[in-house]
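Under the working numbering, residue 421 is the last one in the sequence shown; the count climbs by one each step, no gaps.
C-beta atoms are modelled at their ideal positions from N, C-alpha and C, and glycine is treated no differently.
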Amino acid sequence: MRYAWLVVVLLWVVAFLNYFDRLLITSMRDPIVGEFHLNDAQFGLLTSVFLWCYGIVSPFGGYMADRYSRRKVILFSVFIWSAVTLWTGYARSFPELLATRILMGVSEACYIPAALALISDYHTGRTRSLATGLHMCGLYTGMALGGLGGYIAEYWGWRQGFHVFGLFGVLYAIVLAYTLHDRSTALPAQESEPNNVESVKLKEVLSSLFKLTSFYIILVYFAVLGMANWLINGWLPTFLKEQFHLDLGEAGISATGYMQIGSFAGVIIGGILADRWQRKNERARLYVIILGFCIGAPFLFFMAWTTVFTWAILGMLIFGLARGFNDANLMPLLRQVADSRYSATAYGFLNFLSTIVGGLMVYIGGALKDANVSLAVTYQVVAVGLLVAALLLLVVKINNKPVK
């Protein structure tokens, strides 16, 4: 069991780099735009191509983790995206920068499905949600600290940040090569579901997943959640600035800080609650996700409605809490709904749909704003949709009972 928790620790660092590396470029906008003489569309394209590649490759990355080895896919992903991060610091033209973002999208897409599947291989019913949630804290930390790129660019130059963190990631991939192992090669298999990779064929994976009505329901739910999350990522600083008359710096910090605080608390509380409740009710993980957004979605609506910033902070905290409930329990839920051998592929499809639809929502939010439809209205509509999608999860069927 000690090694199972070591896996979480090892991958927490990777999860941090996963988000921190991808966000560095957005927080270093001014010096990059100035050096390469980019317009806003060109700079926006650097993020767009990342998202498109990330979404498209996610199902394939998940399948490779199911078919061959979670460990090998993780090592490949970390090494390549870290090398690309290092390369970004040496880029000399806009096309070269664009190429680095494409390769980063491809390589990072392979990580999350494989990592969550490996953690859930090691952690059974008693600790699965908490372990998953603690790993997600690494993503939150990378997201929260991604803004440090601006300070790095200001004091040491924008290229230096990519050099330092890219080199660190390459070296850390070497450390993982000696310390990270697949479940079947590290410990006896009596505590976890079997993961016989030799039997995982693409046709069988697709047939198994897409014959399940419950999987379609989870896809719909996660797509709506992706709309909410990407709308928040893309437009919350602007909304807070306009709605509450904040300056740009205060709006940016508020847009990430309060949500992340809520999410940190959510993965811990939601993980512990689900793990304990699961001992008595096999649908506990599902119910924790539903409970989270039955509370969180109305608070997202409330955040968009109120004109008092203190109340908006409360709305962001509670919605972040609900998001943490989801992040701690979604992969464990997938292990109960679908064949556990295909869990990485299943999560890859969720990532694909969420990223594509979420990216489209960022554009729609801007288009509606141009048409004089306020961001507050857009957030309210998405909040109602998220509540409906969460309640739809009630009809999901649990096919695989968890190991207790």
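Taking the C-beta atoms as reference points, Phe67 is found nearer than 9 Å to Arg39.
Check the Cα spacing between Glu299 and each of Thr141, Phe179, Tyr172: the tightest is with Thr141. In the structure shown, the three-state DSSP call for Met45 is coil.
From the listed residues Trp22, Glu267, Gly287, Ala393, the smallest Cα separation to Ala245 is found for Ala393. Taking 9 Å as the cut-off, the beta carbon of Ala345 is found closer than this to the beta carbon of Gly283. Excluding sequence positions up to five before and after Tyr396, its CB lies within less than 6 Å of the CB of Ala321, all in the same chain and listed in chain order. Going by DSSP, Lys89 is part of the alpha helix (DSSP H) stretching over 87-105. The beta carbons of Leu63 and Leu103 sit no closer together than 9 Å. Residue range 175-196 is occupied by the alpha helix (DSSP H) that includes Val181.
A distance of 9 Å or more separates the beta carbons of Arg19 and Asp199. In terms of Cα proximity to Glu171, the closest of Asp138, Met45, Leu156, Gly274 is Met45.
With respect to Ala272, Ile312 sits apart: the two C-beta atoms are not nearer than 9 Å. Scanning its chain for C-beta atoms nearer than 7 Å, with the 5 sequence neighbours on each side dropped, one finds around Val413 the residues Ser231, Ile234, Ile235, Leu303, Val354, in chain order.
For Gly288, the CB contacts under 6 Å within the same chain, skipping 5 residues up- and downstream, are Ser146, Leu147, Gly150, Ala345 in chain order. Under the DSSP assignment, Cys70 falls in the alpha helix (DSSP H) whose first and last residues are 57-84. Lys297 sits in coil when the DSSP states are folded into three classes, being neither helix nor strand. The closest CA to that of Ser201, considering only Asp138, Leu248, Gly243, Lys218, is found on Asp138. Between Gly337 and Tyr238, the gap from beta carbon to beta carbon reaches 9 Å or more. Ile191 is classed as exposed because its beta carbon has fewer than 16 other beta carbons within 10 Å across all chains shown. Between Ile278 and Leu334 a beta carbon distance of about 6 Å is seen, short of the 8 Å cut, so the two are scored as contacting.
If you draw a straight line from the Cα of Ile136 to the Cα of Val390, it is about 43 Å long.
Using a Cβ distance threshold of 9 Å, Leu197 and Leu27 count as a contacting pair. In its chain, beyond the 5 residues on either side, Thr395 have a beta carbon closer than 6 Å to the beta carbon of Leu385.
Val241 and Leu403 do touch by the CB rule: their CB atoms are close to 5 Å apart, below 8 Å. For the options His262, Leu162, Gln295, Cys70, the alpha carbon positioned closest to that of Leu350 is the one of Gln295.
A Cβ-Cβ distance of about 7 Å is found for the pair Leu34 and Gly159, placing them in contact under the 8 Å criterion. Put simply, the backbone Cα of Trp98 is about 10 Å away from that of Tyr128.
In the three-state scheme derived from DSSP, where H, G and I count as helix and E and B as strand, Asp264 is classed as coil.
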